[in-house]
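Counting along the sequence shown from 1, when you hit position 87 you're at 86 in numbering that gives the first Met the number 0, and nothing is skipped either side. We put the beta carbon where it would ideally sit given N, CA and C, even for glycine. Take a look at the structure set out below.
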Amino acid sequence: MIEITRILGHCDDPDLSARIHHAGHHGGIEYLHIPPAEAARRRFRAVTDMGSECAVMLPRDQGIFDGAVLLLEHDRAVVARLTEQHWLRLRPSDVEGAALELGYHAGNLHWRVRFDHGDLLVALDGPRETYVARLADLMDEGKVEVVGE
0 MIEITRILGH
10 CDDPDLSARI
20 HHAGHHGGIE
30 YLHIPPAEAA
40 RRRFRAVTDM
50 GSECAVMLPR
60 DQGIFDGAVL
70 LLEHDRAVVA
80 RLTEQHWLRL
90 RPSDVEGAAL
100 ELGYHAGNLH
110 WRVRFDHGDL
120 LVALDGPRET
130 YVARLADLMD
140 EGKVEVVGE
């Protein structure tokens, strides 16, 4: 298992990119695909695209970002790739009651949300169906509709 305790820099940094390029000639570039929900964490386990297990244990002053160089050896590099965040777009039937109830519901479930022109966007950190099932009562009452993902 690879223990990652710090970020070395960005893969586009001139000093690092030449060394990563060299590792690439030896087939040694591995990508650690990290879902957005994990990116906020400092400690987690993940597996690279080449099957190497990684234990990420970053200090509080460092956070994972797309292109972060996590390991750099002579013929091997591990680079972080953040996967795309998917969002469930919800539209309340009115701005006052239904919107307030939807916001309260999302807050109680600790969902990560954004707002966009009266719609509530919920970050999908699991199957879409799980989120929709939690909204069944509000949808059955006509207070909320799913308008996109």
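Kindly indicate which three-state DSSP category residue i falls into: helix, strand or coil?
i: residue 24; result: helix
i: residue 91; result: strand
Name, in chain order, the residues that DSSP records as bridge partners for residue i.
i: residue 6; result: According to DSSP, residue 6 bridges with nothing at all.
i: residue 52; result: 46
i: residue 29; result: 77
i: residue 19; result: Its beta-bridge partners do not exist; DSSP assigns none.
i: residue 67; result: 9
Measuring only the C-alpha atoms, how far is residue i from residue j?
i: residue 83; j: residue 142; result: 29 Å
i: residue 28; j: residue 0; result: 16 Å
i: residue 151; j: residue 80; result: The structure shown does not extend to residue 151, since the chain is modelled only from 0 through 148, so no value can be given for it.
i: residue 14; j: residue 21; result: 12 Å
i: residue 145; j: residue 108; result: 17 Å
Touching by the beta-carbon criterion (3+ pairs, under 8 Å), the region 1-12 and the region 59-77: Contact holds: three or more Cβ-Cβ distances are below 8 Å.
Segments of 4+ residues assigned as alpha helix (DSSP H) that fall wholly inside the region 95-148: Within the region 95-148, the complete alpha helix (DSSP H) runs of at least 4 residues are 96-107, 127-133 and 135-139.
Three-pair Cβ contact test at 8 Å for the region 94-110 versus the region 130-139: Output reads yes: the region 130-139 touches the region 94-110.
The region 109-126 / the region 54-64 touching (three or more Cβ pairs under 8 Å): Fewer than three beta-carbon pairs drawn from the region 109-126 and the region 54-64 are found closer than 8 Å, and the two stretches are therefore not classed as touching.
Stretch-stretch touch, CB-based, cutoff 8 Å, three pairs: the region 51-61 with the region 86-97: Under the Cβ criterion (8 Å, minimum of three pairs), the region 51-61 does not count as touching the region 86-97.
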